[in-house]
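Worksheet: one structure, shown below.
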Amino acid sequence: MSFPLLTATAALPAIGAIATAAVPAAKRTAAKWLALLFSLATLALAITVLVRFDPDGDRYQLTESHSWIADFGVRYELGVDGIAVALIALTALLIPFIVLAGWHDADPLETGSRRWRPTQGFFALILAVEAMVIISFEATDVFLFYIFFEAMLIPMYFLIGGFGDRAHKDGEEKAATQRSYAAVKFLLYNLAGGLIMLAAVIGLYVVAGNFSLTEIAQARANGELEMATSTERWLFLGFFFAFAVKAPLWPLHTWLPNAMQESTAPVAVLITAVVDKVGTFAMLRFCLQLFPEASKWATPVILVLAVISIIYGALLAVGQRDIKRLIAYASISHFGFIVMGIFAMTSQGQSGATLYMVNHGISTAVLMLIAGFLISRRGSRLIADFGGVQKVAPVLAGTFLIGGLATLSLPGLAPFVSEFLVLVGTFTRYPVIGIIATFGIVLAALYTLVLYQRTMTGPVKPEVAAMPDLRVREIAVVAPLVVLLVFLGVYPKPLTDVVNPAVKQTLSDVQQKDPQPEVEAAK
Numbered sequence: 002m003s004f005p006l007l008t009a010t011a012a013l014p015a016i017g018a019i020a021t022a023a024v025p026a027a028k029r030t031a032a033k034w035l036a037l038l039f040s041l042a043t044l045a046l047a048i049t050v051l052v053r054f055d056p057d058g059d060r061y062q063l064t065e066s067h068s069w070i071a072d073f074g075v076r077y078e079l080g081v082d083g084i085a086v087a088l089i090a091l092t093a094l095l096i097p098f099i100v101l102a103g104w105h106d107a108d109p110l111e112t113g114s115r116r117w118r119p120t121q122g123f124f125a126l127i128l129a130v131e132a133m134v135i136i137s138f139e140a141t142d143v144f145l146f147y148i149f150f151e152a153m154l155i156p157m158y159f160l161i162g163g164f165g166d167r168a169h170k171d172g173e174e175k176a177a178t179q180r181s182y183a184a185v186k187f188l189l190y191n192l193a194g195g196l197i198m199l200a201a202v203i204g205l206y207v208v209a210g211n212f213s214l215t216e217i218a219q220a221r222a223n224g225e226l227e228m229a230t231s232t233e234r235w236l237f238l239g240f241f242f243a244f245a246v247k248a249p250l251w252p253l254h255t256w257l258p259n260a261m262q263e264s265t266a267p268v269a270v271l272i273t274a275v276v277d278k279v280g281t282f283a284m285l286r287f288c289l290q291l292f293p294e295a296s297k298w299a300t301p302v303i304l305v306l307a308v309i310s311i312i313y314g315a316l317l318a319v320g321q322r323d324i325k326r327l328i329a330y331a332s333i334s335h336f337g338f339i340v341m342g343i344f345a346m347t348s349q350g351q352s353g354a355t356l357y358m359v360n361h362g363i364s365t366a367v368l369m370l371i372a373g374f375l376i377s378r379r380g381s382r383l384i385a386d387f388g389g390v391q392k393v394a395p396v397l398a399g400t401f402l403i404g405g406l407a408t409l410s411l412p413g414l415a416p417f418v419s420e421f422l423v424l425v426g427t428f429t430r431y432p433v434i435g436i437i438a439t440f441g442i443v444l445a446a447l448y449t450l451v452l453y454q455r456t457m458t459g460p461v462k463p464e465v466a467a468m469p470d471l472r473v474r475e476i477a478v479v480a481p482l483v484v485l486l487v488f489l490g491v492y493p494k495p496l497t498d499v500v501n502p503a504v505k506q507t508l509s510d511v512q513q514k515d516p517q518p519e520v521e522a523a524k
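Just so you know, we're using the working numbering here: the sequence shown kicks off at 2 and counts up by one.
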């Protein structure tokens, strides 16, 4: 029997979470180092998965299958395609930087304060989320996926509500109320989506008789499993609704700005760069594979929602006065691009969407983590409380600028490649949608450059005059991510080689081909 590499990759951070939580309260530093060690070991396993994956091989590789709940046809079934491999690598890559960036975020506060928080719990919850996200990317049994899709809400709820941002000027009691509100809103929105999905999962079992993604998809492709048109559409809507909440897609997005605003910067990165990717990934893996006809039926409406997300998110980002809320609305706009690329039903669009998931994760991590370092120094999230930072902290300002330029998809940085592919892939089939979406690029330049101008340039405000520049630990957090942004912006081939074969297979599931150009290229 071969080594269960996928199980080990998901199990290792889960073991790390238990081990970190078990560290005595007096050994806070040991808990931090233990969490970092487990996150690095998980990264090593994720790299092994990436190396062992053959883009030209079978669609699902490194598969594992064991009977679990035999009476209901539930199996412990794992397997990865190129899209899953890329997102597992992204998740495993970001967690060590999230741990390092949050090194002091859960340190005890003043004695006797109700805001005292166990350091071990903070890092244990981060590792628990990592484990659940990774197994969600690996699961090829629909019921197994659903369990972890929902279970990850529990540690995220405690990370948002129990370990919130310290940059509050409204007093401890009001800050605690705002954190609780954000955590409950996050939980209720996602639970509502999950409950609707559960009904759809049960409906799928009634129709198909099992939960195996590969078996159901194969039966549908061979004509051995027929679904009534109305049944397929209702099941599709049940799955898509849950994924759209997680994504987050307009108008189901409103939980995200509150959650990111009230979270610590590392937890905000965990939300938007890691957890939310499960939603867009699941659209590719489950919606398109299980319900191809319904996916094509719903495409026009979904594309309209995606374009609204792009423009709406960017417009609201322009008007924000809170740095974290600005980044949250920018992420809503970016997720609109991802969903648009998925449902453009072209190879360029879906390749761009997958690359966008990875590149957005990296660029948002850089921007949000630097913003977190900036906010912790000033003790405020308000843009108006900053000014002239580049004169007193040039390295911080420089890395903040790079993160901002990546967010607006500057050529030469990784997000440009993915955004360009999404727009090209959309325009070839839906030119009007593609044209409207380009306005999101203009607005991205506006909110990013205005944010940089108001915080980093101009006269030095007295409150930031003594602001220290990035420390060694903080440079260690952002420097590798900046290098990766530049590398993938100049040479994205290693990522596209892994992703493209899976994208072609997904297009084949929905029986779509790329539109032929109206003018043939000269030979």
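All C-beta atoms, glycine included, are put in the ideal place defined by N, C-alpha and C. Values in this document were obtained by computation on a predicted structure and should not be read as measured data.
| Check | Outcome |
| --- | --- |
| With a threshold of 7 Å on Cβ separation, who are the neighbours of V134 within its own chain once the five nearest residues in sequence on each side are excluded? | T92, M153, V275, V276, V279 |
| Go ahead and pull the three-state DSSP assignment for G388. | coil |
| If contacts are defined as beta-carbon pairs under 8 Å, then V270 and T365 qualify, I think. What distance do you get, rounded to the angstrom? | 7 Å |
| Suppose you measure from the CA of G350 to the CA of P516; what does that come to, to the nearest Å? | 12 Å |
| By Cβ distance, which residues of its chain are closer than 7 Å to A345, with the 5 residues on each side in sequence left out? | G426, T427, R430, Y431 |
| Where do the N-terminal and C-terminal ends of the alpha helix (DSSP H) with L304 fall, by residue? | 293-319 |
| At the level of alpha carbons, what is the spacing between F4 and F54? | 14 Å |
| Under three-state DSSP, which class holds W104? | coil |
| Let me make sure I understand the geometry here. Which of A354, G388, E78, S332 has the alpha-carbon closest to that of T255? | S332 |
| A398 and M457 - do their beta-carbons sit closer together than 8 Å? | yes |
| If we ignore side chains and look at the alpha-carbon of each, how far apart do G314 and S334 end up? | 5 Å |
| Hey, would you say A85 sits closer than 8 Å to A15, going by beta carbons? | no |
| If contact is defined by three or more beta carbon pairs under 8 Å, each pair taking one atom from either stretch, is the stretch 234-254 in contact with the stretch 284-304? | yes |
| Rounded to the nearest angstrom, what separates S310 and V484 at their Cα positions? | 30 Å |
| Could you give the DSSP three-state label for D498: helix, strand or coil? | helix |
| Of the residues G459, L356, I384, which one's Cα is nearest the Cα of K392? | G459 |
| Among residues of its own chain, excluding the 5 on either side of G113, which ones have a beta-carbon nearer than 6 Å to its beta-carbon? | Since pLDDT at G113 reaches only 45, below the 50 mark, its modelled position is unreliable, and no value is offered. |
| Report the option in F123, A229, Y357, I324 whose CA atom is closest to the CA atom of A87. | Y357 |
| Return helix, strand or coil for T507, following the three-state DSSP convention. | helix |
| In three-state DSSP terms, what is V461? | coil |
| Does DSSP classify V81 as helix, strand or coil? | strand |
| In terms of DSSP beta bridges, what is V75 paired with? | I70 |
| In whole angstroms, what is the alpha-carbon distance linking A463 and A394? | According to the sequence provided, residue 463 is Pro. The question's Ala does not apply to it. The straight-line gap from Cα to Cα measures roughly 14 Å. |
| Taking the alpha helix (DSSP H) that Q512 falls in, what are its first and last residues? | Here Q512 belongs to no alpha helix (DSSP H), and DSSP marks it neither H nor E. |
| Roughly how many angstroms lie between the CA atoms of G103 and G362, to the nearest whole one? | 17 Å |
| Which one or two residues does DSSP pair with D323 in a beta bridge? | L383 |
| Rounded to a whole number of angstroms, what is the C-alpha to C-alpha distance between F336 and G17? | 31 Å |
| Do you know how far the Cα of S381 is from the Cα of V504? | 43 Å |
| Would I312 pass as a contact of F417 if the rule is Cβ separation under 8 Å? | no |
| Is the beta carbon of D510 sitting closer than 8 Å to the one on A218? | yes |
| According to the neighbour-count rule (16 or more other Cβ atoms, all chains shown, within 10 Å of its Cβ), is T230 buried or exposed? | exposed |
| Output yes or no for whether 8 Å exceeds the beta carbon distance between G342 and V423. | yes |
| Excluding the 5 residues preceding and the 5 following A318 in the sequence, name in chain order all residues of the same chain whose CB lies nearer than 6 Å to its CB. | L327, Y330, A331, Y448 |
| Taking E131 as the reference, which of R29, L406, E263, T10 has the closest Cα? | T10 |
| Quick check: what's the CA-CA separation for L508 versus A22? | 44 Å |
| Compare the beta carbon distance of V75 and F212 with 8 Å and say whether it is the shorter of the two. | yes |
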